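Colleague: Per our numbering, the very first residue in the sequence shown carries number 3; after that it's consecutive. C-beta atoms are modelled at their ideal positions from N, C-alpha and C, and glycine is treated no differently. Just so we're clear, the structure is a prediction, and the values are computed from it rather than from any experiment.
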Amino acid sequence: MELKVLNSNSQGNCYLLFGRDEILIIEAGIKFSEVKKALNYNIGNIVGCLITHEHNDHAGYYLEYLEYGFPVLSPEAVCKNKGNVAMLPFSKVVQPGKGYKVGNFKVIPFEVQHDVPALGYQIDHPDMGRLVFLTDTFYCEYTFDNVTTWLIEANYADDILDRNIADGRMPPSMRSRLLKSHMELETTKGILRVNDLTNTQNIVLIHLSDGNSDETRFVREIAGLTGKPTIAAKKGVELWIGKLPY
């Protein structure tokens, strides 16, 4: 299984889990034409798309994705605010804690803490193991077992944000907004610290803020904390996330 990052920031988010004969899309925050280009226009193996919440950088092209005949799974708020719940069978509302099958991907949504209704996803596949996708949240109350790959938000660092506010590069209101919507670096560390990372092979930091993060520092600190290979997601990144043969 290969992870392909098509974009991971406030301008748009989209990730591909690219297997031998099936592809799962996570987020619909970029035009579908960019997905087609990344797949060399071979879209027949797409088995579905998962969306976390209604904001445009995650669901801005929700209706466009529905036109291509694969199921798009999302919270109810996405259907209500971006489209129509009557757009079945391709528009599928999911509930936290329930299991869903998308091709050979087994998906369990879970609630996260954002400023609109939002979900994270635990995703299992025989060729991948378990992946946790966790973004646009200021906290996560759950722990996860046997995670092979983490895609986890590290949006900003308090000290960088404070410096930007003091220097006038960011308005003071930015702090209160971020506190209720996105994950600060120390929170990311705390979540990883309380989870058993024995089986973890890769940690991918996603949705880094353009102005309030430091990619090199974030990767260094998470790798130092966990002892696991760590990278930052950005357009064009490709990463093998298949299960090890032992």
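Where does VAL196 land, buried or exposed, given buried means 16+ other C-beta within 10 angstroms?
Modeller: The residue you call residue 196 lines up with position 194 of the sequence shown. Classification for VAL196: exposed.
Colleague: Buried or exposed for GLN97, going by 16 or more other Cβ atoms inside 10 Å?
Modeller: Locating residue 97 in the sequence shown gives position 95, where the first residue counts as 1. Classification for GLN97: exposed.
Colleague: Alpha carbon to alpha carbon, what distance is there between LEU41 and SER183?
Modeller: As a working note, residue 183 is residue 181 in the sequence shown. As a working note, residue 41 is residue 39 in the sequence shown. If you take the alpha carbons of SER183 and LEU41, they lie about 32 Å apart.
Colleague: On a CA-only basis, which of ASP138, LYS39 and TYR158 is nearest THR218? Give me that one, please.
Modeller: Translated into the one-based positions of the sequence shown, residue 218 becomes position 216. Comparing Cα-Cα distances from THR218 to each of ASP138, LYS39 and TYR158, the minimum goes to TYR158.
Colleague: So, does the stretch 9-19 touch the stretch 232-242, judging by three or more C-beta pairs under 8 Å?
Modeller: yes
Colleague: Per the DSSP calculation, ASP126 is bridged to which residue(s)?
Modeller: Your numbering for residue 126 matches position 124 in the sequence shown. In the DSSP output, where bridge partners are listed per residue, ASP126 has LYS108 and ARG132.
Colleague: Could you check the C-alpha separation between GLY244 and ASP169 for me, to the nearest Å?
Modeller: Numbered from its first residue, the sequence shown carries residue 244 at position 242. Numbered from its first residue, the sequence shown carries residue 169 at position 167. One C-alpha to the other measures close to 44 Å.
Colleague: Once the 5 residues before and after PRO73 are set aside, which same chain residues still bring their CB inside 6 Å of it?
Modeller: Translated into the one-based positions of the sequence shown, residue 73 becomes position 71. Excluding its 5 nearest sequence neighbours in each direction, PRO73 has C-beta neighbours in its own chain below 6 Å: GLY50, PHE92 and LYS94, listed in chain order.
Colleague: If we ignore side chains and look at the alpha-carbon of each, how far apart do ILE25 and HIS209 end up?
Modeller: Start at 1 with the first residue of the sequence shown, and residue 25 comes out as number 23. Start at 1 with the first residue of the sequence shown, and residue 209 comes out as number 207. C-alpha separation (whole angstroms): 21 Å.
Colleague: Check for me: the alpha helix (DSSP H) holding LEU68 runs from which residue to which?
Modeller: Counting from one through the sequence shown, the residue named residue 68 turns up at place 66. Its alpha helix (DSSP H) spans residues 64-68.
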